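**Student:** Here's a structure for you.
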Amino acid sequence: MTINQERLWNRLEELSQFGKLENGGVTRFSFTEAERKAKDKVISYMVEAGMKVTEDAVGNLIGRKEGRISNLPAVLMGSHIDSVPKGGIFDGTLGVLAGIEVVQTMNEKNIETDHPIEVIAFTDEEGSRFGFGMIGSRALAGTLNYEHLQYKDTEGITIEQAMKKAGLDPTQISKAARNPESVKAYVELHIEQGKVLENHDISIGLVSGIAGPLWTRWTLKGEAGHAGATPMNMRKDPLMAATKIMLHIEEETKKSEPAVATVGQLNVKPGGVNVIPGEVEFSLDLRDISLETRDKLEDLIQSLAYRLCQNEGIKINIETLQRVDPAPCSKEIKSVIEASLRKVGVPLLTLPSGAGHDGMQFKDFCPIGMIFVRSKDGVSHNPAEWSSKEDCGVGTSVLYETILQLANRK
Ligand SMILES: [Zn+2]
């Protein structure tokens, strides 16, 4: 193995001490003492790896290894070290430590690259504390506004107040924005958080893109009535219509693989055992890595639903709650990762990322690429989250080869 797997693993264990829970997981929110201590530790690793470290206006930690040729744009690697409540020790942290390991290995081998290389630990990716995430990556891409800083945590503390308490100046956030011309690419290694790699018995995966969620709320109105006194052919039952719509959603989404659709909330009113429902509300989370596919699927599902409701005398209203564009990975970076997988000896498996990651914020900023490391049982956002030492090492070796290619002119 090119990189030092033991060192990487020791650091993972060491960082897991900050915000540690009794059952082995971590709770590490942004702008807290636990996060500050973890950041200081990360700074010490970056220094040990031979990087120059800075902390920008939103608290992003940036370690930099200069390139051989001056003024070339930097190749960025990164992830986050904040966690969800009662989270695991790999989510985010592995990507940051893998990046540091890549640079440290290069420096130990006296390898220079044409382009500078940076490793970034982004501030608050998860959004667990304020219900608003990817703060650091938004700031770097220049899309974080002062208004965003008014989101509050459960104690009523705004991002702005938390930043001040952490010694940052919220009026300066625009200084964290980078000129896109100073960045060549962004590559993130992350645990898969799903079971696809495990089911294929493959340790590392090539990510095709980051799916964007479309959230809609559907309201169907019919006629409430007596469950015993209303014959079947005289009903306008919105729940029966919703059920048929959901079957269409499942059927059509399966035809558009790897798109995924989830109805996670269902509200039936008035909700009596012996009452035909008068109104039904349900949520739909629809995702794909291609906006075109997702748009087509959305149109198809909605037109089927409107037709069905019209036939059954049901009123339907669809409200959009959130529409996040997917972020496809760059063709060029994907082919570099593919070659790196070959070099390290991992069979190729391409899969989409259903979960969001910092790279999404760079969709219109720079080319992005992602490498997934197999997750045990697909468990994540849970103390039981696990990836083996070997898999973490192999993934970091793939990252190493990828960065070495991207940071040199052909
Ligand atoms: Zn993450």
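Going by our numbering, 205 is the number at position 213 of the sequence shown; the sequence numbering is gapless.
Positions of the beta carbon are idealized from the N, C-alpha and C atoms, including for glycine.
Model, not experiment: these values are computed from the prediction.
(1) Does residue 200 come out as helix, strand or coil in the three-state DSSP assignment?
(2) Along the chain, where does the alpha helix (DSSP H) containing residue 34 start, and where does it finish?
(3) Which partner residues of residue 345 appear in the DSSP bridge assignment?
(4) Look up residue 151 in the DSSP assignment and say whether it is helix, strand or coil.
(5) Taking the alpha-carbon positions, what's the residue 372 to residue 80 distance?
(6) Does residue 286 pass the burial test, meaning 16 or more other C-beta atoms within 10 Å, or should it be called exposed?
(7) Taking 8 Å as the cut-off, does the region 141 to 157 touch the region 104 to 111 (at least 3 CB pairs, one atom from each stretch)?
(8) Do you know offhand how far residue 393's Cα is from residue 275's?
(9) So, for residue 260: in the same chain, excluding its five sequence neighbours on each side, which residues have a beta-carbon less than 7 Å away from its beta-carbon?
(10) Classify residue 93 as buried or exposed, calling it buried when 16 or more other Cβ atoms lie within 10 Å of its own Cβ.
(11) Quick one: measure Cβ to Cβ for residue 228 and residue 305, integer angstroms, because I've assumed they're closer than 8 Å.
(12) I need the DSSP call for residue 386, collapsed to helix, strand or coil.
(13) I believe residue 133 touches residue 354 by the beta-carbon criterion, under 8 Å. Please report the beta-carbon distance rounded to the nearest angstrom.
(14) Residues in its own chain within less than 6 Å of residue 370 by CB, not counting five upstream and five downstream?
(15) Relative to ligand 1, is the shortest distance from any of its heavy atoms to the C-beta of residue 117 smaller than 7 Å?
(16) Per the contact definition of three or more C-beta pairs closer than 8 Å, is the region 18 to 27 in contact with the region 376 to 389?
(17) How many whole angstroms separate the CB atoms of residue 366 and residue 345, which I take to be in contact at a CB cut-off of 8 Å?
(18) Looking at the unbroken beta strand (DSSP E) that takes in residue 275, where does it start and where does it end?
(19) Considering residue 286, what are the terminal residues of the beta strand (DSSP E) in which it resides?
(20) Report yes if the C-beta of residue 218 is less than 7 Å from at least one heavy atom of ligand 1; otherwise report no.
(21) Would residue 403 pass as a contact of residue 57 if the rule is Cβ separation under 8 Å?
(22) Whose CB is closer than 5 Å to a heavy atom of ligand 1? List the residues in chain order.
(23) Does the region 158 to 169 come close enough to the region 231 to 241 that 3 or more CB-CB pairs lie under 8 Å?
(24) In the structure shown, what three-state DSSP assignment does residue 314 receive?
(25) Given that a residue counts as buried once 16 or more other Cβ atoms are within 10 Å of its Cβ, and exposed if not, what is residue 31?
(26) At which residues does the alpha helix (DSSP H) containing residue 71 begin and terminate?
(27) Just curious, the beta strand (DSSP E) that residue 254 is in, first and last residue?
(28) Taking the beta strand (DSSP E) that residue 55 belongs to, which residues open and close that run?
(29) The beta strand (DSSP E) that contains residue 182, what's its start and end?
(30) In the DSSP assignment, what residue or residues form a beta bridge with residue 434?
(31) I'd like the list of long-range same chain contacts for residue 301, defined as Cβ closer than 6 Å, with 5 residues on each side in sequence excluded.
(32) Taking C-alpha atoms, which residue in 391, 289 and 221 lies nearest to residue 205?
(33) Report the three-state DSSP secondary structure of residue 210 (helix, strand or coil).
(34) Looking at the secondary structure, which residues open and close the beta strand (DSSP E) in which residue 113 lies?
(35) Return the CA-CA distance between residue 342 and residue 357, expressed in angstroms with no decimal places.
(36) Using only alpha-carbon positions, find the residue among 211, 360, 124 and 142 that is nearest to residue 201.
**Tutor:** Put simply:
(1) strand
(2) 25 to 40
(3) Answer is 202, bridged to residue 345.
(4) helix
(5) Cα atoms of residue 372 and residue 80: separation of roughly 7 Å, rounded to the nearest angstrom.
(6) Under this definition residue 286 is a buried residue.
(7) no
(8) 43 Å
(9) 231, 269 and 272
(10) buried
(11) 5 Å
(12) helix
(13) 6 Å
(14) 186 and 187
(15) Residue 117 Cβ: within cutoff of ligand 1.
(16) no
(17) So it is not a contact: roughly 14 Å between Cβ atoms.
(18) Counting along the chain, the beta strand (DSSP E) containing residue 275 begins and ends at 271 to 280.
(19) Careful: residue 286 lies outside any beta strand (DSSP E), inside the alpha helix (DSSP H) at 283 to 304.
(20) no
(21) Outside the displayed span of the chain (-7 to 402) sits residue 403, for which this structure offers no information.
(22) 83 and 84
(23) no
(24) strand
(25) buried
(26) Unbroken run through residue 71 is the beta strand (DSSP E), 66 to 72; no alpha helix (DSSP H).
(27) Looking at the DSSP string, the run of the beta strand (DSSP E) that includes residue 254 is 252 to 254.
(28) 53 to 57
(29) 175 to 183
(30) One cannot answer for residue 434 here, as it falls past the ends of the chain, which runs -7 to 402.
(31) 233 and 308
(32) 289
(33) Reduced to three states, the DSSP call for residue 210 is strand.
(34) 109 to 114
(35) Straight-line Cα distance between these residues: approximately 23 Å.
(36) Checking every option, the nearest Cα to that of residue 201 belongs to 360.
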